[in-house]
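Residue numbers (the numbering used here): 476 to 824.
Working notes for the structure below.
Spelled out as structure tokens, the structure:
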């Protein structure tokens, strides 16, 4: 194994172009690179592509360029962070493995897995023999088949990887997106003073990227019913709109849609959209809330960093659940179930 001049192992950290404030994987990479540096490992970031790119043709030259940069680094290990949304659902980064330095082991971390294919029109049975032979994976191309080690965040993804390519993945559980910065009692007072709320006025919080699939529309539609019983109730929507999955123009349009929806339902003054905030500010707001609400349109599992963040702040949280509920959800303890998805009445019940 080669090492740097100062004796450290060098890792080429390959990831999507999204910055930390607009991409969950980007935020993870920023933290991981810092933690590896603290542990004496030189982790060099190699983004694939640029954040503003929109053309699907961008990803082939971007992948080739990333491979060239990795080869120039002469790393001891190549670690690829994979989520389809991080590469705007292009399958081309899956071509990386044969372009990488032949002597460096490849590690792939799967942040999302088990629901996507590139191209999506190819029937499932066509993929299976290729996957069993470890030639190609429908989601990651050559990444998973060529990896010396595959890292997943949950048992469901591990089962999918084993079923498809016969690889035993290493499970590293998700951590909360935002750690608890403490000061809960003081935070409650500060936030409520800023919002003009009484100490005992009810405050609900949504946390995470504000996308159409997060159920915020239905949450706003539920507010008139909730406020009929609790007139002082307010809602904090904590999180940014723009991300790799929702480009800036679409994000602006969606925010305007939600603001218009709140006005139409007569609750505009009871809803606060914070936009993206530093972690300490997020922690402060969550400490001020009485309960969290995550009404995702596909349901919530313990793969949700937003849910883990709320639970880390001691916040009881109401969630929708998927068709196949996650058996590891702590139901009845800190998590309550919203009985239907895409349903404002169910949120208000």
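Ideal placement from N, C-alpha and C gives every residue a C-beta, glycine not left out.
Query, Result
"Per-residue burial, residue 779 [other beta carbons within 10 Å of its own, 16 or more giving buried]", "buried"
"Per-residue DSSP class, three states only, for residue 538", "helix"
"Assigned exposure category for residue 507 - 16 Cβ within 10 Å defines buried", "buried"
"Which residues DSSP lists as bridging residue 759, in chain order", "Answer is none; residue 759 lacks a bridge partner."
"Meets three-Cβ-pair contact criterion under 8 angstroms: the region 790 to 808 and the region 656 to 676", "no"
"Exposure of residue 614, with buried meaning 16 or more beta-carbon neighbours within 10 Å", "buried"
"Status (buried if at least 16 other CB within 10 Å, exposed otherwise) for residue 547", "exposed"
"Distance between residue 510 and residue 605 (C-alpha atoms, nearest Å)", "37 angstroms"
"Alpha-carbon to alpha-carbon, residue 767 and residue 655", "15 angstroms"
"Presumed contact (8 angstroms Cβ cut-off) between residue 695 and residue 762, rounded CB distance", "Incorrect: roughly 23 angstroms between the Cβ atoms, too far for contact."
"Minimum length 4: unbroken alpha helix (DSSP H) runs contained in the region 741 to 799", "754 to 763 and 780 to 787"
"Cα-Cα separation, residue 518 to residue 483", "10 angstroms"
"C-alpha gap between residue 850 and residue 813, whole angstroms", "Residue coverage of the chain in this structure runs from 476 to 824, which leaves residue 850 outside it and unanswerable."
"Run of the beta strand (DSSP E) containing residue 682, from where it starts to where it stops", "678 to 682"
"Residue ranges of each alpha helix (DSSP H) within the region 691 to 722, 4 or longer", "691 to 704"
"Own chain residues within Cβ distance below 6 angstroms of residue 476, not counting five before or after", "Residue placement at residue 476 is poorly supported in this model, since its pLDDT is 48, which falls under 50; the coordinates are not used for a value here."
"For residue 482, the residue or residues it bridges with in DSSP", "Looking at the DSSP assignment, residue 482 forms no beta bridge with any residue, so it has no partner."
"Close beta carbons around residue 783, own chain, < 8 angstroms, minus the five adjacent residues each side", "649, 650, 651, 652 and 777"
"Proximity of residue 534 and residue 527 at Cβ, strictly below 9 angstroms", "no"
"Neighbourhood of residue 637 by C-beta, 8 angstroms cutoff - its chain only, sequence neighbours within 5 removed", "643 and 644"
"Beta-carbon proximity of residue 772 to residue 712, cut-off 9 angstroms", "no"
"Range covered by the beta strand (DSSP E) that runs through residue 554", "552 to 557"
"Nonlocal neighbours in the same chain, by C-beta distance under 7 angstroms from residue 717, ignoring five residues either side", "497, 723 and 726"
"Distance, residue 731 Cα to residue 769 Cα", "20 angstroms"
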